[in-house]
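For reference, the structure discussed in these notes is given below.
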Amino acid sequence: METKQFNDVLLESAKEVFETMIFMELAKADEPFDPKDDDSLLGTITFTGDMDGCLAIGCTVDCAKNVAANMLGMDPDEQVSSADVNDAMGEVANMVMGSVKSRIQEQYTNIQVSIPSVVSGRKLENSLGEKARRTALAINIEGDFTAELSILYRMHETATQAGLANKEVSVNAADPSTN
Amino acid sequence: MSNSLMIVDDSATMRKIIMRTIRMSGLEMDSTEEAGNGKEALEKLSSSPVDIILCDINMPEMNGMELVKKVRELSNCNDTKIIMVSTESSQELIDELMAGGANGYITKPFTPEKFQDKLSPFMN
Chain A
30 METKQFNDVL LESAKEVFET MIFMELAKAD EPFDPKDDDS LLGTITFTGD
80 MDGCLAIGCT VDCAKNVAAN MLGMDPDEQV SSADVNDAMG EVANMVMGSV
130 KSRIQEQYTN IQVSIPSVVS GRKLENSLGE KARRTALAIN IEGDFTAELS
180 ILYRMHETAT QAGLANKEVS VNAADPSTN
Chain B
2 MSNSLMIVDD SATMRKIIMR TIRMSGLEMD STEEAGNGKE ALEKLSSSPV
52 DIILCDINMP EMNGMELVKK VRELSNCNDT KIIMVSTESS QELIDELMAG
102 GANGYITKPF TPEKFQDKLS PFMN
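Top line first, the protein sequences correspond to chains A and B.
All you need for this note's numbering is the position in the first sequence, starting with 1, plus 29.
All you need for this note's numbering is the position in the second sequence, starting with 1, plus 1.
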């Protein structure tokens, strides 16, 4: 983790999930995710322990429908229910978080993950209060859709006392795209 | 000899993905049940035991860890094999689940090969 940027971990994790479980190509996008006035979905999953925070994937409803259809192995012309779309986006957040966790667990040994949730609307944003850091990454799915992966986090007091905060700072210092 | 399976996961999407992955792995099941949480699974297992349970950990109502303990108390599930399927990947948790009565562990994201590897030793 010392040598890898947080964004790299996010990107590697998301690529693994999309290519292994969803059968869609995923790459870093050149342009930021901007849903404008389109309805969008935010799949989130929170975690506590050495770090408290929230991993999120935000995308347009159209993108989420395509992801859900692929996850469920549906034909392109089949209608995906909103319940299936929400469930699928929650699972994407869950699996990406699991993949991130497995990549950082040598450094952050104590991280408990919650059950995912999904919200829909326009111009969705999540927040974590004071001292929270946010790292975000625009991604391109199948060359058709732009979406955003983000992690909001803050170090737990016990982790800070154990010296983990210094490692966390070094990660962010090496990460110019951290917001 | 037949092979019966139960998939326990609170996500209907994940249950479908697991079914698809099993088909892709080439493993053949004679029957497949589904349950959305541990409590629902336990109710079904009480009357209809299965050979293999694929079980998530983080679920509402009754989580995977509790389900493993409860299944091990069911006399009609003595031979049932329980494979946990989860994003949780810490060795400590895996050891705890195995000590509690689970027979195997598959981490998400997974591949058909991983299912083949973990399930085939328990197939009839």
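Beta carbons: idealized from backbone N, C-alpha and C, even for Gly.
For the region 33 to 63 of chain A, the residues whose beta carbon sits under 7 Å from a beta carbon of chain B are, in order, Glu45, Val46, Thr49, Met50. The beta carbon of Gln141 of chain A lies closer than 8 Å to those of Phe76, Thr77, Gly78 in the same chain, with the five residues before and after it left out.
Among the residues of chain B, those whose CB is under 7 Å from the CB of Leu101 of chain A are Thr14, Lys17, following chain order.
Here Gly102 of chain A is not near Arg24 of chain B, since their CB atoms are 7 Å or more apart. Beta-bridge annotation (DSSP): Gly65 of chain B is not paired with any residue. Listed in chain order, the beta strand (DSSP E) elements of length 3 or more contained wholly in the region 89 to 161 of chain A are 140 to 142, 146 to 150. Taking all protein chains in view, the Cβ of Gly87 of chain A is crowded by 16 or more other Cβ atoms within 10 Å, so the residue is classified as buried. Minimum Cα-Cα distance from Lys17 of chain B among the listed residues A:Ala97, A:Glu177, A:Ile170, A:Val147 corresponds to A:Ala97. In the three-state scheme derived from DSSP, where H, G and I count as helix and E and B as strand, Ile95 of chain B is classed as helix. Within the DSSP secondary-structure output, Thr33 of chain B pairs in a beta bridge with B:Leu6. Taking the CA atoms as reference points, Asp96 of chain B sits about 19 Å from Thr81 of chain B. Gly27 of chain B: not part of any alpha helix (DSSP H); DSSP gives it neither H nor E. For Thr49 of chain A, DSSP records no beta bridge to any residue. Under the 7 Å criterion on CB atoms, Ile144 of chain A is classed as interfacial with respect to chain B. By the beta-carbon neighbour count (other beta carbons within 10 angstroms, threshold 16), Leu75 of chain B is exposed.
Below 8 Å, too few C-beta pairs join the region 30 to 49 of chain A and the region 142 to 154 of chain A to call them touching: fewer than three. In this structure, Glu154 of chain A sits away from Ala165 of chain A, with a CB-CB distance that is not shorter than 7 Å.
In this structure, Met100 of chain A places its C-beta atom within 7 Å of the C-beta atom of Thr14 of chain B. Note that the C-beta distance between Met126 of chain A and Lys109 of chain B is not below 7 Å. Here DSSP, grouped into helix, strand and coil, assigns Asp59 of chain A to coil. In the three-state DSSP reduction, Thr73 of chain A falls in the strand class (E or B). Where Leu178 of chain A is concerned, the enclosing beta strand (DSSP E) starts and stops at 174 to 184. Exposed is the label assigned to Ala112 of chain A, since fewer than 16 other Cβ atoms lie within 10 Å of its Cβ.
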